[in-house]
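Residue numbers (the UniProt record's numbering): 1 to 145.
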C-alpha cells in the first residue's frame, strides 16, 4: 500500500507516456474544453454531508470517466489492482498502476485544480473510493480550542 499527498504543483502519478497533447483526438480535446467545470469526480455519489462527498468509481476494462475538475482537497483509495491511462489538461498522458489499498491525497490552494480523465486500460475491473473534503473557514482564537 502506498500513501502520498500531492498539491497540484507536484509531479502527477504514474509514468509519463506523452506530452503536448500527442495522441489526443480532436474529440478528446473538445471534451476537456466542454468539461472544464465538470465537478462530478466519480461515477456514483454514495454520500454527501456538510463536510465530505464520497464517490465510487468502478470501471470495466476499456471504460472511462470523462474529463472532470477537482477543486476540493480529496483522496482516493484503490479497491482493486489495475492500471489506467489518464490525460491531464496540461497536455500530458500518463499510465498509472494501482495496488488494492493504495491511497493518494491531493490538496489545492485557492485557484488551483486538476482537470483529467481516467480510462481503465487493464484486463479487470478498476475500482476506487474518492472522498472530497468540502472547504471550511479556518477558525482562530478561543473558539478553535
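All residues carry an ideal CB built from backbone N, CA and C; glycine is no exception.
Check your understanding: Which stretch, first to last residue, makes up the alpha helix (DSSP H) that contains residue 26?
Key -> Taking the chain shown and counting its residues from 1, one reaches residue 26 at position 26. 26–34 is the span of the alpha helix (DSSP H), which, as asked, contains residue 26.
Practice item. Identify the continuous beta strand (DSSP E) that holds residue 116 and give its terminal residues. Key: Within the chain shown, the letter at position 116 stands for residue 116. 114–120 is the span of the beta strand (DSSP E), which, as asked, contains residue 116.
Check your understanding: Are the CB atoms of residue 41 and residue 70 nearer to each other than 7 Å?
Key -> Residue mapping note: residue 41 aligns to position 41 of the chain shown, counting from 1. Residue mapping note: residue 70 aligns to position 70 of the chain shown, counting from 1. Yes, Cβ-Cβ distance for residue 41 and residue 70 is below 7 Å.
Check your understanding: How is residue 67 classed by DSSP in three states: helix, strand or coil?
Key -> Against the chain shown, residue 67 aligns to sequence position 67. Looking at residue 67 - three-state DSSP - the assignment turns out to be strand.
Review point. Which residue comes first and which comes last in the beta strand (DSSP E) that contains residue 128?
Key: The residue labelled residue 128 in the question sits at position 128 within the chain shown. For residue 128, the enclosing beta strand (DSSP E) begins and ends at 126–133.
Practice item. Indicate whether the contact test is met: 3 or more Cβ pairs, each with one atom in the segment 118–134 and one in the segment 51–67, closer than 8 Å. Key: Taking 8 Å as the limit for Cβ pairs, the verdict is that the segment 51–67 does touch the segment 118–134.
Review point. Residue 74 and residue 32: beta carbons closer than 7 Å?
Key: On the chain shown, residue 74 is found 74 positions in, with the first residue counted as 1. On the chain shown, residue 32 is found 32 positions in, with the first residue counted as 1. It is not a contact, given that the beta carbons lie outside the stated cut-off.
Exercise for review: Please list, in chain order, all residues of the same chain as residue 141 whose beta carbon is under 8 Å from its beta carbon, the five residues on each side excluded.
Suggested key: Start at 1 with the first residue of the chain shown, and residue 141 comes out as number 141. Residue placement at residue 141 cannot be trusted, given a pLDDT of 42 that sits under 50; what the coordinates show is reported in the next sentence. Counting only Cβ-Cβ distances below 8 Å, and skipping sequence neighbours, we find nothing.
Review point. What is the C-beta distance between residue 78 and residue 117, in whole angstroms, given that I count them as a contact (C-beta under 8 Å)?
Key: As a first step, residue 78 must be located in the chain shown, where it is residue number 78. As a first step, residue 117 must be located in the chain shown, where it is residue number 117. About 17 Å separates the Cβ atoms of residue 78 and residue 117, ruling out a contact at the 8 Å cut-off.
Exercise for review: Could you spell out the range, first to last residue, of the beta strand (DSSP E) harbouring residue 18?
Suggested key: Here residue 18 corresponds to residue number 18 of the chain shown, with the count starting at 1. Residues 15–18.
Review point. Going by the CB atoms, is the gap between residue 15 and residue 95 shorter than 7 Å?
Key: Indexing the chain shown from 1 puts residue 95 at position 95. Indexing the chain shown from 1 puts residue 15 at position 15. Yes, the pair counts as a contact, with Cβ atoms nearer than the cut-off.
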